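Taking it in order: structure first as structure tokens, then the write-up.
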Amino acid sequence: MSLQIAGVGKDFGKQTALSDVTLDIAGGELICLLGPSGCGKTTLLRIIAGLESASRGSITLDGDDLMQQAAHQRNFGMVFQSLALFPHLSVEDNITYGLRLRKMPAAARRQRAAELLDMVRLPGVAKRAVSMLSGGQRQRVAIARALAIEPRIFLLDEPLSALDAGLREAMQIELRELQQRLGITTIVVTHDQREAMTVADRIAVMNGGTIHQMGSPIDVYRRPADKFVASFIGQTNLIPATWQDDRLIVRGSLFDPGQAARDNQHTSPDSHETWLSIRPEELIVLDNNAASPPGATILEATVRFIRDVGASIEAHLELPANDNQPAQSLVALVSRDKVQHLHSGDTTRIQLTADCTVVLET
Amino acid sequence: MSAPVLNAQQTPAAAVEGFSRSETVTLAWPMIMLSVFFVIPFGTMLAVSFFERVPGGFFEPGFTLDSYARFIDPFFFKSLGMTMMIAGSASLLCLILAVPFTWTLTRMRHHHRVLWLVALLSILSLSEVIIGFSWSLLLSRSTGIGNILVWLGIENRAPKLSPGLGAVLTGLCYLGFPYAVLVLFPQLSRLDPTLHEAARMLGASPRRAFMNVVLPNIAKALVAAFIMVFVFTLGAYLIPQLLGKPQQWTLPVLIADQALFQSNLPFAAAMSIFLLGVSLSLVVCVGWLGRSSQARIEDQSTTQSTTQSAAS
Numbered sequence: 598m599s600l601q602i603a604g605v606g607k608d609f610g611k612q613t614a615l616s617d618v619t620l621d622i623a624g625g626e627l628i629c630l631l632g633p634s635g636c637g638k639t640t641l642l643r644i645i646a647g648l649e650s651a652s653r654g655s656i657t658l659d660g661d662d663l664m665q666q667a668a669h670q671r672n673f674g675m676v677f678q679s680l681a682l683f684p685h686l687s688v689e690d691n692i693t694y695g696l697r698l699r700k701m702p703a704a705a706r707r708q709r710a711a712e713l714l715d716m717v718r719l720p721g722v723a724k725r726a727v728s729m730l731s732g733g734q735r736q737r738v739a740i741a742r743a744l745a746i747e748p749r750i751f752l753l754d755e756p757l758s759a760l761d762a763g764l765r766e767a768m769q770i771e772l773r774e775l776q777q778r779l780g781i782t783t784i785v786v787t788h789d790q791r792e793a794m795t796v797a798d799r800i801a802v803m804n805g806g807t808i809h810q811m812g813s814p815i816d817v818y819r820r821p822a823d824k825f826v827a828s829f830i831g832q833t834n835l836i837p838a839t840w841q842d843d844r845l846i847v848r849g850s851l852f853d854p855g856q857a858a859r860d861n862q863h864t865s866p867d868s869h870e871t872w873l874s875i876r877p878e879e880l881i882v883l884d885n886n887a888a889s890p891p892g893a894t895i896l897e898a899t900v901r902f903i904r905d906v907g908a909s910i911e912a913h914l915e916l917p918a919n920d921n922q923p924a925q926s927l928v929a930l931v932s933r934d935k936v937q938h939l940h941s942g943d944t945t946r947i948q949l950t951a952d953c954t955v956v957l958e959t
Numbered sequence: 372m373s374a375p376v377l378n379a380q381q382t383p384a385a386a387v388e389g390f391s392r393s394e395t396v397t398l399a400w401p402m403i404m405l406s407v408f409f410v411i412p413f414g415t416m417l418a419v420s421f422f423e424r425v426p427g428g429f430f431e432p433g434f435t436l437d438s439y440a441r442f443i444d445p446f447f448f449k450s451l452g453m454t455m456m457i458a459g460s461a462s463l464l465c466l467i468l469a470v471p472f473t474w475t476l477t478r479m480r481h482h483h484r485v486l487w488l489v490a491l492l493s494i495l496s497l498s499e500v501i502i503g504f505s506w507s508l509l510l511s512r513s514t515g516i517g518n519i520l521v522w523l524g525i526e527n528r529a530p531k532l533s534p535g536l537g538a539v540l541t542g543l544c545y546l547g548f549p550y551a552v553l554v555l556f557p558q559l560s561r562l563d564p565t566l567h568e569a570a571r572m573l574g575a576s577p578r579r580a581f582m583n584v585v586l587p588n589i590a591k592a593l594v595a596a597f598i599m600v601f602v603f604t605l606g607a608y609l610i611p612q613l614l615g616k617p618q619q620w621t622l623p624v625l626i627a628d629q630a631l632f633q634s635n636l637p638f639a640a641a642m643s644i645f646l647l648g649v650s651l652s653l654v655v656c657v658g659w660l661g662r663s664s665q666a667r668i669e670d671q672s673t674t675q676s677t678t679q680s681a682a683s
């Protein structure tokens with residue numbers, strides 16, 4: 598089942614919660630809507646579910662216009678943030694509620710509930726009251742209930758946010774395996790970028806009611822489109838830079854950001870401010886006695902603080918203030934053997950290379 | 372700064388002796404109020420119900436069950452039945468109106484909700500007399516809302532809606548409605564709104580989702596609200612008299628009639644005791660029913676889970 602979302606927007610009074618979102622989701626794909634709270638991700642999910650009406654735009658499912666269908670006619674499975682298990686019903690009755698509405702005979706319903714509980718690895722609790730289950734067990738029951746109706750689309754709204762960290766990671770992997778086994782088109786709303794990286798085929802990074810970037814987890818991490826995406830997904834160093842036509846100037850030095858970035862700039866050649874994003878693990882700190890590679894862009898920095906984080910060393914550096922720019926702090930993750938000579942207060946050099954630097958399209 | 376320290380020192384000593392003097396004085400006040408305005412009048416009423424009636428006069432102290440014996444009379448049972456019917460249907464009607472209203476109220480924006488609650492609470496400030504007379508005017512032939520039908524050309528002549536059973540129920544409903552909303556509101560606002568949405572996502576129409584998921588989860592509040600309005604309307608005296616025909620006069624009206632006009636205080640007292648007994652036992656009954664059904668559900672789930680664990 599492929600879902601086409603075209604120009605969907607939502608206004609609450611004068612406020613725009615969602616502005617013209619367009620998104621194509623292929624059958625069997627798992628999409629994560631990722632963003633901070635209030636970015637419109639839940640509103641978009643609720644519009645897809647039919648629990649909220651869109652102010653404009655259209656949503657079609659394999660060419661079938663969804664705007665004409667109420668929530669209860671769409672046959673979508675949804676897991677709510679609160680899980681919304683029915684407290685007055687047993688586990689089995691919760692799971693088979695949708696099947697009872699579809700007039701499935703009682704014996705078949707019971708069998709289906711047992712199958713689903715096996716599927717979510719929770720056998721033998723069918724007759725139990727929902728209140729007697731642990732958080733992780735409730736989570737599984739909520740997933741089983743949503744999948745019981747064999748939904749056309751599977752929607753999850755911050756499904757794992759109530760679980761503690763260890764259990765959450767295990768459930769993320771389990772959820773992803775289950776989704777791939779069933780091959781069901783799935784949309785997950787989350788504010789947790791690690792969760793999105795774990796489960797998603799593609800991530801839609803949202804902020805302020807729009808999608809900032811849409812891409813595979815590694816794409817979004819390696820090639821963030823703008824400053825928001827770069828800082829929201831993982832940790833990053835943002836260094837201001839200036840395009841002067843097709844020359845990129847970073848703190849007074851000329852820097853060659855590579856063919857792709859230059860091509861991008863060629864499409865609209867003008868002078869403007871931009872940002873470079875360098876991940877801490879990709880920031881190159883040069884050895885004290887190593888010679889500077891010819892033609893490379895080298896910046897001088899002061900070591901402020903060194904912290905051993907186990908697998909590697911975290912170095913807090915500072916680019917000193919100059920005529921045009923204030924001092925700026927950077928974080929670098931470097932391997933242990935490389936920084937034996939690095940001490941607080943030392944002056945060191947960092948090297949910018951096209952490979953590990955992303956020029957943001959502001 | 373020194374006051375809390377002093378208090379802390381005093382408290383253990385006071386606890387040993389029981390209550391401190393200030394606490395005794397504070398607690399004595401409600402005790403006195405309760406005995407003066409409840410226990411003593413109730414005791415007097417209980418005693419009077421066993422006194423002998425002096426026909427044409429007042430009553431004489433004594434002990435006789437004559438007043439209670441008068442209950443064995445078709446007329447009394449008829450009016451008792453009518454009283455129960457009126458209180459029961461008024462409370463039911465009240466709930467049918469109050470549940471959707473309160474449900475909508477909990478989903479309103481904050482300041483709209485406050486406005487509605489203020490309006491509701493202001494109904495409570497009206498006395499039964501004002502409510503009774505207002506409704507009798509509103510439902511009368513000459514000045515009532517029936518004239519709107521005439522004005523719209525639906526009816527030729529304004530209908531006389533009061534007195535009558537409908538008018539009594541309307542008045543009692545109006546009286547009980549704010550109480551029902553106030554009892555329902557906390558429960559309904561605590562109800563997880565996604566329960567209803569979850570049922571809809573599973574294929575239930577909004578109405579069906581409400582019946583299957585919302586209603587069972589607010590059953591306790593419904594029972595509480597029903598008892599509240601039932602007991603309240605059971606004791607209503609002015610509304611049935613102002614808006615009802617003599618057939619719709621409830622026990623409180625008959626009690627007042629016996630006490631004030633027939634000067635048969637022992638019989639009035641006996642009827643009052645009886646009415647009190649009936650409403651008390653109803654409250655206890657419903658409370659007990661609610662508890663036992665709750666216990667049954669819990670029993671079921673525990674026995675089922677124990678058999679399950681035994682089987683595995």
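If you read the sequences in order, they're chains A and B.
If you count by this note's numbering, then the first sequence holds residues 598 to 959, one letter each, in order.
If you count by this note's numbering, then the second sequence holds residues 372 to 683, one letter each, in order.
In this text, a Cβ means the ideal position worked out from N, Cα and C, and glycines have one as well.
Just so it is clear, the structure is predicted and the values come from calculations on it, not from any experiment.
Query, Result
"Any idea what DSSP makes of B/P587, helix, strand or coil?", "helix"
"Per DSSP, what kind of secondary structure is A/Q665 in: helix, strand or coil?", "helix"
"If contact means a Cβ-Cβ distance below 9 Å, which residues of the stretch 575 to 593 of chain B contact chain A?", "A575, S576, P577, R579, A580, N583, V584, P587, N588 and A590"
"Give the DSSP-derived three-state secondary structure of A/G624 in the structure shown.", "coil"
"What residues in the stretch 470 to 489 of chain B have a beta carbon less than 8 Å from any beta carbon of chain A?", "none"
"Return helix, strand or coil for A/S634, following the three-state DSSP convention.", "coil"
"Within the continuous alpha helix (DSSP H) that includes B/P564, where are the two ends?", "P564 to M572"
"Under the rule that 16 or more other beta-carbon atoms within 10 Å means buried, what is A/G780, buried or exposed?", "exposed"
"On the CB-based measure, 16 or more other CB atoms within 10 Å of its CB, does B/A682 come out buried or exposed?", "Confidence is the limiting factor: at B/A682 the pLDDT is only 41, short of 50, which leaves the residue's position unreliable, though a coordinate-based value still follows. With fewer than 16 Cβ atoms within 10 Å of its Cβ, B/A682 is classed as exposed."
"Find the residues of chain A that neighbour B/L555, judging by a C-beta separation of less than 8 Å, and give them in chain order.", "Here the premise fails: no neighbours, minimum Cβ distance about 17 Å."
"Curious, which full-length beta strand (DSSP E) runs of at least 3 residues does the stretch 802 to 831 of chain A contain?", "807 to 812"
"Count the other CB atoms within 10 Å of the CB of A/I644; is the residue buried (16 or more) or exposed (fewer)?", "buried"
"From B/W522 to B/H481, what does the alpha carbon distance come to, in whole angstroms?", "39 Å"
"Assign B/M453 to buried or exposed, taking buried as 16 or more other Cβ atoms, counted over all protein chains shown, within 10 Å of its Cβ.", "buried"
"Please report whether the beta-carbon of B/M455 lies at a distance below 7 Å from any beta-carbon of chain A.", "no"
"Checking contacts by CB at 7 Å: is B/T677 closer than that to chain A?", "Confidence at B/T677 is low in this model, with a pLDDT of 43, below 50, so its placement is unreliable and the value that follows should be read with caution. Answer no: the Cβ-Cβ gap between B/T677 and chain A never drops below 7 Å."
"So, for B/F429: in the same chain, excluding its five sequence neighbours on each side, which residues have a beta-carbon less than 8 Å away from its beta-carbon?", "S634 and L636"
"Taking 7 Å as the threshold (beta carbon to beta carbon), is B/R571 in contact with chain A?", "yes"
"Roughly how many angstroms lie between the CA atoms of A/D934 and A/L883, to the nearest whole one?", "12 Å"
"Are the stretch 739 to 755 of chain A and the stretch 690 to 700 of chain A touching, with three or more C-beta to C-beta distances below 8 Å?", "yes"
"Go ahead and label A/L957 buried or exposed: buried means 16 or more other beta carbons lie within 10 angstroms of its beta carbon, across all protein chains shown.", "buried"
"A/G732 and A/L760 - do their beta-carbons sit closer together than 7 Å?", "yes"
"In whole angstroms, give me the CA-to-CA distance for A/E836 and A/L916.", "Residue identity check: residue 836 of chain A is Ile in the sequence provided, not Glu. One C-alpha to the other measures close to 10 Å."
"In this structure, how does DSSP classify A/A705 when only helix, strand and coil are distinguished?", "helix"
"Taking the runs of the alpha helix (DSSP H) that are 4 residues or longer, which of them lie wholly in the stretch 450 to 524 of chain B?", "481 to 495, 499 to 509 and 517 to 523"
"Expressed to the nearest angstrom, what Euclidean distance is found between the alpha-carbon atoms of A/T795 and A/Q922?", "38 Å"
"Chain A beta carbons: is any one of them nearer than 7 Å to that of B/L566?", "yes"
"Are B/A551 and B/V584 touching if we call contact CB-CB under 7 Å?", "no"
"From the DSSP secondary-structure annotation, give me the bridge partner or partners of A/H968.", "Given that chain A is displayed from residue 598 to residue 959, the structure contains no residue 968 of chain A and the question cannot be resolved."
"List the residues of chain A whose Cβ lies closer than 7 Å to the Cβ of B/D563, in chain order.", "S679 and A681"
"Using C-beta distances below 8 Å, list every residue in its chain close to B/A575, excluding the 5 sequence neighbours before and after it, in chain order.", "N583 and V584"
"Any idea what DSSP makes of A/D952, helix, strand or coil?", "coil"
"Taking a cut of 9 Å between CB atoms, which residues from the stretch 698 to 711 of chain A lie near chain B?", "L698 and R699"
"How long is the line joining the alpha carbons of B/F548 and B/L468, rounded to whole angstroms?", "8 Å"
"What whole-angstrom Cβ distance do B/Q612 and B/W620 have, given they're in contact under 8 Å?", "7 Å"
"Which stretch, first to last residue, makes up the alpha helix (DSSP H) that contains A/Q734?", "G732 to A745"
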